[in-house]
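Line by line, the protein sequences are chains A and B.
All residue numbers for the first sequence refer to the numbering used here, where the first residue is 295 and numbers rise by one.
All residue numbers for the second sequence refer to the numbering used here, where the first residue is 295 and numbers rise by one.
A virtual CB, placed ideally from N, CA and C, is assigned to each residue, including glycine.
2 protein chains.
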Amino acid sequence: MVKHNFYAGPSILPREVIEATAEAVLNLNGSGLSVLEISHRSKDFQAVIDEARSLFHELLSIPQGYTVLFLGGGASMEFCRVPFNFLKKKAAYLDTGVWAHKAIKEAKAFGEVDITASSEDKKYSYLPKNFKIPADADYLHFTTNNTVYGTEYFEDFDSPIPLVADMSSDIFSRPIDVSKYICIYGGAQKNLAPSGLSFVIVKDDALEKVDRYIPTMLNYKVHVDKESMFNTPPVLPIYSALMTLRWIKKQGGVKVMEQRAIDRAHLLYGEIDRNSMFEGTVAHEDRSRMNVRFVLKPEYQSLEGEFLKFADERGIVGIKGHRITGGFRASLYNAMPMSSVQVLVDCMKEFEKLNS
Amino acid sequence: MVKHNFYAGPSILPREVIEATAEAVLNLNGSGLSVLEISHRSKDFQAVIDEARSLFHELLSIPQGYTVLFLGGGASMEFCRVPFNFLKKKAAYLDTGVWAHKAIKEAKAFGEVDITASSEDKKYSYLPKNFKIPADADYLHFTTNNTVYGTEYFEDFDSPIPLVADMSSDIFSRPIDVSKYICIYGGAQKNLAPSGLSFVIVKDDALEKVDRYIPTMLNYKVHVDKESMFNTPPVLPIYSALMTLRWIKKQGGVKVMEQRAIDRAHLLYGEIDRNSMFEGTVAHEDRSRMNVRFVLKPEYQSLEGEFLKFADERGIVGIKGHRITGGFRASLYNAMPMSSVQVLVDCMKEFEKLNS
């Protein structure tokens, strides 16, 4: 049975990325060696990381003066790297749920944290807007897409201070104005690569402004100077990332990715709003294109397990909601074909016919 | 042409590990999904990490009271995690070269560092022995195998204080008395898995003894409590690690790995000592079984490039020495077959016949 992968992350990758990776695991570029066993100092890998870096610049129109890093770990490590490297006295954070909390927790060990705005009052079902950014903070940090609550910012704020953003789950799904940021980071395991890799886009002249000692591996400047090779980087995830970046370029770039994201979201939210058994959980204007949250209406909630089973029988994988929020979550990352979204929509229609 | 992979790391893995990984990239356990795109919360992956943890315990006879962690990153991150978690006032470090230096540098930010012994006087060509371990230090840290200089400790010291060891490059190549250690760590990219993964074996009751704030991702206790799932772990490297652990078990365990390591080293060092053109660089009793360093004798040193080319033509990859030390280095990790060592030995003999 064909599987439709709606996991929130690690998550769907383009089939040609998967096939190219499998081929490289057996034999990289006809070298007779596996991508699992080549030195990161080999010519073959140097070409991989150079091209991946260069495609980041090209696809996101990254201006001069920024460096793209590929590091082991995940976004959770960046939650502490960011204040280690950028927080002098005070930082501003938007509180939009789970991931923001984790970032805020780490920052508090380094200085004052101004919670500039929060949507906690309505269980993070909307996004704060029209907040006043404190001009005396070192940066404003926010999570562009909130995988757990299903909300997403689609703009790069005008701000009197530099922006820092966790774009783990929506990088490459829309154009970004990188010049407004001193740091954009994320785990790669949504729109880019398998897990075990972080990307960081860092503004060079924003570094080395803090006085504290930074452990070597947490110091962005070290990784900038060593071009992500201070220590052995995650070779296979970077290889897969390159395959995804080539795929994005071939599809037409981030503008095309954005249109597809809009179309997928439109199809699924349309069905959620139409279907008499389901409802959305998020303010309409803040609905994430990447992670679509929905629940059964109160009168049908006893059928939750049954719907999961019904979907599973149709090859639909990974739509069980996050343990904090319950209900359902369908993640629609770049690699998700419209045909899979249609399968989920048809499944919801069929379930309605049988049960409402 | 068949390749013989002597890279120092990332490095050779058993062919069946490579093939099983390629298969899982296309379709994991017949699930219809790739190991690159499954959630770390899926049943399939939970089974993988549970079995990998359990095989660590079994193959290394890890006593009760220890936890095995699989973390993103690499040993370089552990250089700062170790003092963050264990250094109260003073720590003792053995200085045996490049990796020890890096570990020492991080520790110095956290307290007093006693350089208990060093072999810097002879360019790290031997290993300090019969040193006096300070009884008032929190732990003694050492690098069991030194990939750059080609030296290796084959024993777990008797010590008045707990041991901490970087075993990146010789884990699973001999039995270890884990009970002497509070922490054994390493990057996985030598004897275990592709790069992007660290393993840490930590003694549970040695944790939470320091007063400082530890950033969440650097706190071993967090990862112990969350069973390596505080954040998304590197799924594919852990899958490959499991394949390697199964392979080690099938071969007969670490005792068999040790005998093979001894046999491979004996064959290659034997040729180095016999051959009129080459010589070793390390005190005989400290010669590493994992990384064999050798050079051309002074009168032949102009032929270095020629020997590399000669070897390359015979499918021998990765024997160029580290940029610090020059010369040659052949890494003989667990997956290295005797037949490949024989190819290198024959190549050295042939080169001697043509050039001496």
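Listed by position along chain A, the residues whose Cβ is nearer than 8 angstroms to that of Glu331 (chain B) are Asn299, Tyr301, Pro304, Ser305, Ile306, Leu307, Ile312 and Pro488. Taking a contact as a CB-CB distance under 8 angstroms, the pair Pro456 (chain B) and Tyr433 (chain B) counts as one, their CB atoms being some 5 angstroms apart.
Between Pro308 (chain A) and Thr510 (chain A), the C-beta spacing is not below 8 angstroms. Non-local beta-carbon contacts of Met523 (chain B) in its own chain, meaning distances under 7 angstroms to residues more than five positions away in sequence, involve His334 in chain order. With a cut-off of 8 angstroms on Cβ pairs, the stretch 406 to 424 of chain B is not in contact with the stretch 348 to 359 of chain B, counting fewer than three such pairs.
A Cβ-Cβ contact shorter than 8 angstroms links His298 (chain A) with Leu638 (chain A). Rounded to whole angstroms, the separation of the alpha carbons of Thr390 (chain A) and Tyr514 (chain B) is 27 angstroms.
A residue is called buried once 16 or more other Cβ atoms fall within 10 Å of its Cβ, and Lys614 (chain A) is buried on that count.
Chain-ordered, the chain B residues with CB closer than 7 angstroms to the CB of Gln483 (chain A) read Thr526.
Annotated three-state conformation of Ser413 (chain A) is coil, per DSSP.
Between Tyr301 (chain A) and Val611 (chain A), the CB-CB gap stays under 8 angstroms. Only exposed fits Glu352 (chain B), as fewer than 16 other CB atoms lie within 10 angstroms of its CB. Taking one beta carbon from each stretch, the stretch 468 to 476 of chain A and the stretch 584 to 600 of chain A have fewer than 3 pairs nearer than 8 angstroms; the two do not touch. Lys614 (chain A) sits in a strand when the DSSP states are folded into three classes. Straight through space, the alpha carbons of Gly574 (chain B) and Ser462 (chain A) are spaced by roughly 49 angstroms. Taking 8 angstroms as the upper bound for CB-CB distance, Thr438 (chain A) and Tyr447 (chain A) are in contact here, some 5 angstroms apart. With three or more CB-CB distances shorter than 8 angstroms, the stretch 625 to 632 of chain B counts as touching the stretch 539 to 558 of chain B.
For the options A:Ser412, A:Ala314 and A:Asp580, the alpha carbon positioned closest to that of Phe425 (chain A) is the one of A:Ser412. Residue contact with chain A for Met642 (chain B): absent (no Cβ-Cβ distance below 8 angstroms to any residue of chain A). Minimum Cα-Cα distance from Val550 (chain A) among the listed residues A:Ala487, A:Arg468 and A:Asp567 corresponds to A:Arg468.
For Val518 (chain A), the enclosing alpha helix (DSSP H) starts and ends at Tyr514 to Asp519. With respect to the 8 angstroms criterion, Phe364 (chain A) and Ile343 (chain A) are classified as neighbours on the basis of their beta carbons. The three-state reading of DSSP puts Ile427 (chain B) in coil, since its state is none of H, G, I, E or B. Using a CB distance cut-off of 8 angstroms, Leu320 (chain B) counts as an interface residue toward chain A. Around Pro509 (chain A), the beta-carbon contacts reaching into chain B at under 7 angstroms are Cys374, Glu400 and Ala403. As a beta-bridge residue in DSSP terms, Cys477 (chain B) pairs with B:Val458 and B:Val496. The alpha carbon of Leu421 (chain B) has as its nearest neighbour, out of B:Arg581, B:Asp338 and B:Met571, the alpha carbon of B:Arg581. Rounded to whole angstroms, His517 (chain B) and Ala429 (chain A) show a C-alpha spacing of 37 angstroms. Taking the CA atoms as reference points, Ile532 (chain B) sits about 40 angstroms from His578 (chain A).
Judged by their CB atoms, Ala535 (chain B) and Ala605 (chain B) are not nearer to each other than the 8 angstroms cut-off. Closest option to Glu313 (chain B), judged by alpha-carbon separation, among A:Ser328, A:His616 and A:Glu313: A:Ser328.
The beta carbon of Ser413 (chain A) sits no closer than 8 angstroms to any beta carbon of chain B.
Burial check for Asp464 (chain B): the Cβ neighbour count within 10 Å reaches 16 or more, so the residue is buried. If you draw a straight line from the Cα of Gly609 (chain A) to the Cα of Met295 (chain A), it is about 6 angstroms long. Under the Cβ criterion of 8 angstroms, Ser596 (chain A) is not counted among the residues facing chain B.
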